[in-house]
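Here the structure comes first, spelled out in structure tokens, and everything after it is commentary.
Numbering (the numbering used here), first residue to last: 1484 to 1662.
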């Protein structure tokens, strides 16, 4: 399925866009009927512009309906369905996620995705028009900025900073101290 830019984004829990530079990489494992999404994004209010990483794995419960995926991680308590609502697979696709948990409101999100950082207005309109039937409020379907994005080399990670090799450092207790 490959690499995609998220060009429009909707989440039922958000009234303002919190992200930019969202990109998605999908892989399919045909042996396990699994779809894995590795994605990157930046919080719009992050002054450091740190590129963050995430991932989700789904199983395809019925091979005769490959456009329906179910969340595979056991840590999620509830039902988390994902649907490919439409796609030409060469240039655009439309995904919808629907999460349902006991005693919680249903959570919906949707991505309009493109192989490039932009889609023509007529394609975006065509895809947006498919969403209201799923109770997605188009007023909260936001364009995703794809400018000013960090390169992959600047991704946020929590490893210690690079240090000099041990052979070029002096042991702290063997330092010469001047009085």
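From the three backbone atoms N, C-alpha and C, an ideal C-beta is built for every residue, glycine too.
Of the listed residues the options, nearest to residue i (C-alpha basis)
{"i": "residue 1508", "options": "1515, 1519, 1500", "result": "1519"}
{"i": "residue 1550", "options": "1590, 1575, 1579", "result": "1579"}
{"i": "residue 1530", "options": "1498, 1502, 1602", "result": "1502"}
{"i": "residue 1493", "options": "1630, 1585, 1626", "result": "1626"}
{"i": "residue 1632", "options": "1533, 1615, 1495, 1521", "result": "1533"}
{"i": "residue 1629", "options": "1499, 1506, 1604", "result": "1506"}
Presumed contact (8 Å Cβ cut-off) between residue i and residue j, rounded CB distance
{"i": "residue 1577", "j": "residue 1613", "result": "6 Å"}
{"i": "residue 1553", "j": "residue 1575", "result": "Residue 1553 to residue 1575, Cβ: 24 Å. No contact."}
Secondary structure of residue i, DSSP reduced to three states
{"i": "residue 1621", "result": "helix"}
Residue i beta carbon near the ligand FMN (any heavy atom closer than 6 Å)
{"i": "residue 1567", "result": "As far as ligands go, the structure on display features none, and thus does not contain the ligand FMN."}
Quiz item: Is the stretch 1487-1496 close to the stretch 1584-1601, with three or more CB pairs under 8 Å?
Solution: yes
Quiz item: Do the stretch 1541-1555 and the stretch 1510-1519 touch if we need at least three Cβ pairs shorter than 8 Å?
Solution: yes
Quiz item: Are the stretch 1563-1573 and the stretch 1523-1537 touching, with three or more C-beta to C-beta distances below 8 Å?
Solution: Remark: fewer than three beta-carbon pairs, one from each stretch, lie closer than 8 Å, so the stretch 1563-1573 and the stretch 1523-1537 are not flagged as touching.
Exercise. At 4 residues or longer, and completely inside the stretch 1551-1614: list those alpha helix (DSSP H) runs for me, N to C.
Key: 1604-1611
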